[in-house]
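S.K.: Sending over a structure as structure tokens; questions will come in a sec.
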Amino acid sequence: MSIAEFGEAMKASDLAEVVVIRPEEELDSSSVVDEAALADTQKALSARSGSAILKDASDPFYPVLQEYTDVVSKNPPMGLPPDQG
Numbered sequence: 083m084s085i086a087e088f089g090e091a092m093k094a095s096d097l098a099e100v101v102v103i104r105p106e107e108e109l110d111s112s113s114v115v116d117e118a119a120l121a122d123t124q125k126a127l128s129a130r131s132g133s134a135i136l137k138d139a140s141d142p143f144y145p146v147l148q149e150y151t152d153v154v155s156k157n158p159p160m161g162l163p164p165d166q167g
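Here my numbering is used: the first residue of the sequence shown is 83, the next is one more, and so on.
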């Protein structure tokens, strides 16, 4: 499934849950990954997170976020709120 198809399925509420299956050797691969490749991957992922999606009309989730602008924050927090307990 492409990212565009995934976005459409999310928008249509066709997905009940999403599971990512990875081989065990990929789960702890940070010691064997090229640092430059890892930095590029982290940069690409951080570019698509947070408020960047709200500003990028080509992002597959942009139309969904626009539909719910009354409940989606323009400046989402970068982490979880502090524990109140």
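The beta carbon of each residue, even a glycine, is placed where N, CA and C say it ideally should be.
Might you give, ordered along the chain, the residues of its own chain that have their beta carbon closer than 6 Å to the beta carbon of residue 135, omitting 5 neighbours on each side?
M.R.: Around residue 135: 141, 143.
S.K.: Grab me the residues of residue 122's own chain with a C-beta within less than 6 Å of its C-beta, minus the 5 sequence neighbours each way, in chain order.
M.R.: Nothing meets the Cβ criterion.
S.K.: Which of helix, strand or coil does DSSP assign to residue 124?
M.R.: Residue 124: helix per DSSP, three-state reduction.
S.K.: Note down, in chain order, each residue of its chain lying with its Cβ closer than 8 Å to the Cβ of residue 83, except the 5 sequence neighbours on either side.
M.R.: Cβ neighbours of residue 83 beyond the five flanking positions: 91.
S.K.: Would you mind reading off the limits of the alpha helix (DSSP H) that contains residue 89?
M.R.: It spans 85-93 - the alpha helix (DSSP H) in which residue 89 sits, taken as one unbroken run.
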